[in-house]
Amino acid sequence: MLSKIVRTVANQLTLFIVVFGLYVIAHGHITPGGGFQGGAVIVSGVILLLVAFGSQELKKSLPERVLSIVESSGAVLFAILAFAGIGTAFFYNFLVGTPIFGGVPEPGPGAGDIWTGGVIPLMNFAVGLKVIAGLSAVVLAIALFSSGEEVEE
Amino acid sequence: MTSMLESGYVFWNPIIWLIAFVVVLVIVFFFRRQGRQDYKKDTAQAQIFLCGEEVPEAEQRHIRADNIYWGLFETLKGYYDQVLRPHTGIVNDYILWFVAVIAISAIIILIAG
Amino acid sequence: MEHIPLNFPFLAAALLVAISFYIIIFKKNLIKLIMGIAMLASGVNLFLVSLGYRAGGTAPIYTDVPEGPMVLAVPQALTLTSIVINVAVLALMLTMVIQIHRHTGSLDSEESRKMKG
Amino acid sequence: MDTLITHSSILIIGILLLAAFLTPLVGRVSERARNILVIGSLAFAAALVFALARDISFNGIHVYALGASSPGLATPEGFMVPVRIVLEVDGMSILMGIIWSIVALAATVFSLSHMSKETGQTRFYTLVLLMVAGGFGMMFTGDLFNLFVFLEITSISGAALIASRTRFADTQEGGFKYIVISSVASLMVLFAIGVLYSQYNLLNVGALAQAMQYTMLDRMALVILIAAFAMKLGAVPVHMWLSDAYSVAPVSVTVLLIAASQSCMYALMRTCFTLYGVTADLTAVGWIIIVSGILSMFIGVTMAIRQTDITRLIAYNCICESGFMLVGIGVGLAVLADPGALAAYGTTAISGAIFHMINHALFEGLLFLAAGAIFYRIGTRDLNQMGGLGHTMKFTAVFFLLGALASSGIPPFNGFASKILIYESVYQFSPILTIIGIFVSIITLAVFIKVFFSAFAGAPLPRYKDVKEVPRTMIAAMAVLAVMIILFGLFPGLITDWIIRPATDALLDQAAYINAIVGAIP
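For the record, the sequence lines run as chains L, F, B and X.
So for the first sequence, our numbering puts the first residue at 1; every next one is plus one.
So for the second sequence, our numbering puts the first residue at 1; every next one is plus one.
So for the third sequence, our numbering puts the first residue at 1; every next one is plus one.
So for the fourth sequence, our numbering puts the first residue at 1; every next one is plus one.
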């Protein structure tokens with residue numbers, strides 16, 4: 001655990017990092033980025049906390065059980081979204097034309113409309129959930145491992 | 001026939017083979033029946049005879065895997081010394097072999113193929 | 001490929017791949033080996049990205065783009081997928097190295113060869 | 001039912017992935033429900049594979065475009081080339097799918113008991129399902145990039161499974177070697193894909209095969225692809241990782257790894273026959289593969305006879321058996337450009353190799369499962385510690401003997417049926433290859449005599465007095481494979497007519513593969 005100044009600053013900065021990560025996830029279908037990138041940005045905030053507070057402290061607020069459940073539900077959500085289009089074809093974008101993310105953007109240069117993309121933004125969120133939980137678990141596990149502690153199965 | 005396998009020159013039919021096998025088995029069994037009938041279970045006849053010596057325990061009697069084929073390995077010592085040399089168990093060497101395979105087959109295919 | 005002004009990206013990718021193969025083959029430290037594999041992945045990724053480059057092209061995003069050519073989007077998608085996969089591979093390798101170090105107390109690949117022959 | 005068949009190729013992969021993601025959630029609730037989910041999803045996938053196989057035999061190549069407005073629409077109007085992720089399943093792919101589904105089901109049923117003492121079983125089954133899904137993906141995919149993705153999925157989950165028993169030091173070493181080898185091989189595959197993409201702007205196998213010019217860069221890509229897949233399938237001289245990884249993994253995982261190696265063999269065949277095919281003169285490639293196969297046979301068997309670790313011995317035997325397949329494929333490739341020789345013996349060589357692939361998965365699977373049964377009861381893999389186990393583990397001994405006889409090519413088991421096809425056809429190509437093959441088969445028998453003698457035969461050892469037969473699920477898993485070995489051995493003609501011949505024809509018919517993709521405009 002580092003000094004109080006570092007911990008306070010890390011606490012404040014993490015908020016901004018998480019907001020930026022959520023921005024990258026939410027705009028995944030119209031700007032560079034997406035679920036994985038945004039998730040990785042958020043996990044960098046987790047790593048900041050890990051450095052500032054140490055793995056023992058972080059383990060209490062991010063228990064392995066919760067991470068595992070969130071990760072699985074993100075993956076299941078993604079798979080369900082893919083399966084939902086099976087009436088036409090697997091991964092079929094069935095939301096196009098519906099009120100939810102249903103806008104069809106004009107081809108060619110134009111202002112980005114966030115209300116487009118069909119299932120793609122939703123899938124970005126699912127992937128984001130999975131990446132946040134999965135990468136946090138990986139980072140935490142490696143930190144705990146290298147500090148010499150047994151990680152419970 | 002469902003079990004016939006033809007390769008163009010010969011044929012292979014396991015059913016015919018099985019019939020032949022059973023016939024041979026019957027003949028073997030017939031010859032075996034010609035042998036002596038006075039074998040009795042649970043007598044000294046069923047015990048191990050080792051030139052009158054005391055028979056060692058099962059633990060000592062057992063031929064271990066190391067001892068099987070030792071003559072073969074003794075004879076082929078030169079061959080095994082050569083074959084064991086690349087099997088170093090170091091992961092770096094495995095990649096070295098991979099690069100070597102790419103290099104050699106690249107030379108062959110780029111020139112010959 | 002006349003759109004590409006210079007072959008620099010390809011040269012850089014080739015250099016990265018060559019250096020990483022040197023590292024993977026000759027460095028016996030397992031952590032250095034993993035770094036070599038990470039470099040190999042970067043080299044291959046750089047190669048893929050530079051395949052899709054068009055001179056003067058803009059990013060392949062349909063949002064406020066100026067007129068003109070766009071770089072190819074497919075190689076970028078491939079690269080992203082490859083990066084994601086490599087994150088998983090590297091994480092798995094590191095955990096295994098930690099376990100190897102726990103069991104043998106060494107990071108040398110010559111020490112961790114219980115199995116040979 | 002028709003809808004199910006239309007979507008079956010993606011459902012096989014999708015259901016397994018969904019089940020893999022659900023397993024951690026269900027595993028928290030109840031172990032029993034988790035096991036039912038795992039076995040149920042694998043059985044469902046297997047049923048779909050057989051339904052799809054039946055459909056392919058009637059209707060030809062099955063094409064599925066993900067996210068298209070109609071599943072068969074690989075090349076939509078206004079596009080010159082196939083877009084989207086395309087799955088293309090022909091006779092060869094579905095044969096590999098059949099192998100995978102049988103092997104995966106047997107391995108998972110076996111691990112129900114075999115892994116029951118281990119911790120972290122939920123993760124184990126998640127990874128098993130991911131690996132099986134990745135394998136199916138490799139076999140069914142129609143484009144090169146997804147081949148890479150699924151190859152990596154299979155490798156990562158396979159490495160994690162090898163290292164899953166973290167309390168042993170050697171499992172970590174084996175897993176690490178496996179992941180290093182597979183990640184380097186996969187990255188080189190990706191590099192080769194990039195080289196191909198740079199020239200044709202295509203990733204689809206069918207479309208690439210149509211556009212293939214066989215330039216210098218194409219040759220370079222071919223070399224890298226062959227070397228990478230050869231490393232992943234464990235051909236000499238890049239085979240050393242195989243014995244390290246196979247010998248330490250839990251045996252049910254080893255069985256899956258064998259099938260994963262088979263799918264790399266499939267990828268090698270797909271690359272040579274479909275992607276490059278008749279455009280290129282593959283005689284040199286064929287000879288390289290033949291030499292590698294001969295080396296695999298010889299070095300594999302001579303190293304096997306030396307081992308005292310039972311799983312390591314069988315792993316070297318795996319290398320030896322894959323040498324037979326490589327020789328068959330190599331002969332087929334070497335005469336690919338010569339229609340007369342191809343008809344006379346080339347086709348037979350390839351079908352012998354393909355038949356040997358399915359047999360190899362069955363009998364090596366059985367051998368490994370029997371070895372795992374021994375490990376389950378006595379807790380060691382060292383042959384020197386074993387002896388007299390046949391008195392108490394009768395079923396295991398019989399199953400091991402069956403696998404050993406099939407592997408050494410003793411009639412009337414399935415190994416003989418496929419080996420005679422290879423011998424016969426290769427003899428007409430070059431007699432010396434057949435002589436080496438028969439010689440290697442004989443030494444294989446000697447290898448297994450060594451194992452059988454030191455492990456099962458002999459007087460019962462006092463320290464193994466209390467050893468019992470393994471639980472019923474493990475026997476059931478071995479029995480499934482054993483019954484298939486006997487059936488395949490007794491009715492080889494039926495098997496070749498039903499699945500081997502269509503697979504060979506599909507592999508050699510490059511035009512049909514291309515047409516199914518490029519000409520698929522409804």
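In this text, a Cβ means the ideal position worked out from N, Cα and C, and glycines have one as well.
Kindly indicate which three-state DSSP category residue i falls into: helix, strand or coil?
| i | result |
| --- | --- |
| L/VAL104 | coil |
| X/LEU494 | helix |
| X/MET297 | helix |
| F/ILE111 | helix |
| F/TRP12 | strand |
| L/GLU153 | Model confidence at L/GLU153 stands at a pLDDT of 43, short of 50, so the residue's coordinates are unreliable and nothing is read from them. |
| B/ILE111 | The residue you asked about is not Ile; residue 111 of chain B is Glu in the sequence shown. In the structure shown, B/GLU111 sits in coil (DSSP, three-state: anything other than H, G, I, E or B). |
| B/HIS101 | helix |
| X/THR63 | Reading off the sequence shown, one finds Val at residue 63 of chain X, where the question assumed Thr. Residue state, collapsed to three classes: strand. |
| F/GLU57 | coil |
| X/VAL86 | strand |
| X/MET80 | coil |
| F/ILE95 | helix |
| X/ASN359 | helix |
| X/GLU118 | coil |
| X/VAL1 | First, the amino acid is wrong: residue 1 of chain X is Met here, not Val. X/MET1 falls in the coil class under three-state DSSP. |
| X/ASN201 | coil |
| B/MET70 | strand |
| F/GLU6 | strand |
| B/ASN7 | coil |
| X/ALA20 | helix |
| F/THR88 | coil |
| F/ASP118 | The displayed coordinates of chain F run from 1 to 113. Any statement about residue 118 of chain F would go beyond what the structure contains. |
| X/TYR513 | helix |
With distances taken from CA atoms, which of the options is nearest residue i?
| i | options | result |
| --- | --- | --- |
| B/PRO60 | B/ALA77, B/SER112, B/LEU33 | B/ALA77 |
| F/TYR80 | X/PHE298, X/ALA479, X/ILE153, X/ARG54 | X/PHE298 |
| X/ILE442 | X/PRO462, X/ALA406, X/ARG463 | X/ALA406 |
| X/GLY135 | X/GLN121, X/GLY97, X/ASP170 | X/GLY97 |
| F/PRO14 | F/SER3, F/ASP38, F/PHE30 | F/SER3 |
| B/VAL49 | X/MET265, X/TYR197, X/PHE491, X/GLY493 | X/TYR197 |
| X/TRP100 | X/TYR376, X/MET393, X/MET357, X/THR392 | X/MET357 |
| X/THR523 | X/ILE162, X/TYR316, X/LEU105, X/ALA33 | What the structure shows of chain X is the stretch from 1 to 522, and residue 523 of chain X is not part of that stretch, so it cannot be assessed. |
| L/GLN126 | L/THR31, L/LEU13, L/GLY38 | Just to set this straight, residue 126 of chain L is Ala in the shown sequence, not Gln. Minimum Cα distance to L/ALA126 is reached at L/GLY38. |
| X/LEU222 | X/VAL248, X/ASN201, X/HIS239, X/VAL195 | X/VAL195 |
| X/SER155 | B/PRO69, B/LEU80, B/VAL89 | B/VAL89 |
| B/LEU94 | B/LYS27, B/ALA38, B/MET115, B/TYR22 | B/ALA38 |
| B/MET35 | X/ILE378, X/VAL184, X/HIS62 | X/VAL184 |
| B/LEU80 | L/GLY33, L/ARG7, L/ILE120 | L/GLY33 |
| X/TYR345 | X/LEU383, X/GLY332, X/ALA104, X/ASN201 | X/GLY332 |
Hey, is the region 443–459 of chain X in contact with the region 63–81 of chain F, meaning 3+ C-beta pairs nearer than 8 Å? Under the 8 Å Cβ criterion, the region 443–459 of chain X counts as touching the region 63–81 of chain F, having at least three qualifying pairs.
Would you mind listing the alpha helix (DSSP H) stretches within the region 257–331 of chain X that are 4+ residues and don't spill past its ends, in chain order? Runs of the alpha helix (DSSP H) inside the region 257–331 of chain X: 283–304.
Against chain L, which members of the region 53–71 of chain X pass a CB distance test of less than 8 Å? Only TYR64, ALA65, LEU66, GLY67, ALA68, SER69, SER70, PRO71 from the region 53–71 of chain X bring a Cβ to less than 8 Å from some Cβ of chain L.
Would you say the region 324–335 of chain X touches the region 278–296 of chain X, given that touching needs at least three Cβ pairs under 8 Å? These segments touch.
Indicate whether the contact test is met: 3 or more Cβ pairs, each with one atom in the region 138–150 of chain X and one in the region 83–100 of chain X, closer than 8 Å. Counting C-beta pairs closer than 8 Å gives three or more between the region 138–150 of chain X and the region 83–100 of chain X, which meets the contact rule.
Taking a cut of 9 Å between CB atoms, which residues from the region 98–109 of chain X lie near chain F? Of all residues in the region 98–109 of chain X, none has a Cβ within less than 9 Å of some Cβ in chain F.
With three or more beta-carbon pairs closer than 8 Å as the criterion, would you say the region 131–146 of chain L touches the region 370–381 of chain X? For the pair of segments examined, the region 131–146 of chain L was found not to touch the region 370–381 of chain X: the number of CB pairs separated by less than 8 Å stays below three.
With 9 Å as the C-beta to C-beta threshold (strictly closer), list the residues of the region 33–49 of chain L near chain B in chain order. Of all residues in the region 33–49 of chain L, GLY34, PHE36, GLN37, ALA40 have a Cβ within less than 9 Å of some Cβ in chain B.
Listed in chain order, which residues of the region 421–437 of chain X have Cβ atoms closer than 9 Å to some Cβ of chain L? Cβ contacts with chain L come from no residue of the region 421–437 of chain X.
Given a limit of 7 Å on CB to CB distance, which residues of the region 91–107 of chain F reach chain B? From the region 91–107 of chain F, only VAL91, ASN92, ILE95, LEU96, VAL99 have a Cβ closer than 7 Å to chain B.
Please give the ranges of any beta strand (DSSP E) in the region 123–149 of chain X, keeping only runs that are unbroken, at least 3 residues long and fully inside the region. If we require 3 residues or more, the region 123–149 of chain X turns out to have no beta strand (DSSP E) run fully inside it.
Taking contact to mean at least 3 C-beta pairs separated by less than 8 Å, is the region 309–318 of chain X in contact with the region 233–247 of chain X? Cβ pair count under 8 Å is three or more, so yes.
Quick check on the DSSP output: what are the complete alpha helix (DSSP H) runs of length 4 or more inside the region 51–131 of chain L, in order along the chain? Listed in chain order, they are 55–61, 64–84.
Using 8 Å as the threshold, is the region 95–105 of chain L in touch with the region 66–79 of chain L, meaning 3 or more CB pairs across them? These segments do not touch.
Whole runs of the alpha helix (DSSP H) within the region 446–492 of chain X, excluding any shorter than 4 residues: DSSP runs (the alpha helix (DSSP H)) wholly in the region 446–492 of chain X: 472–490.
Taking only beta carbons into account, state which residues of the region 97–115 of chain B come closer than 7 Å to chain F, listed in chain order. So the close ones are SER109, GLU110, ARG113, MET115.
What residues from the region 445–476 of chain X come within 7 Å of chain F, judged by C-beta to C-beta, listed N to C? Look at the region 445–476 of chain X: the residues with a C-beta under 7 Å from a C-beta of chain F are LYS450, PHE453, SER454, GLY458, ALA459, PRO460, LEU461, PRO462.
Positions along the region 144–165 of chain X whose CB lies within less than 9 Å of some CB in chain B: Residues PHE145, PHE148, VAL149, GLU152, ILE153, SER155, ILE156, ALA159, ALA160, ALA163.
Pair every Cβ in the region 390–400 of chain X with every Cβ in the region 469–482 of chain X, then say whether three or more of these pairs are closer than 8 Å. Yes, since at least three Cβ pairs between the region 390–400 of chain X and the region 469–482 of chain X fall closer than 8 Å, the two stretches touch.
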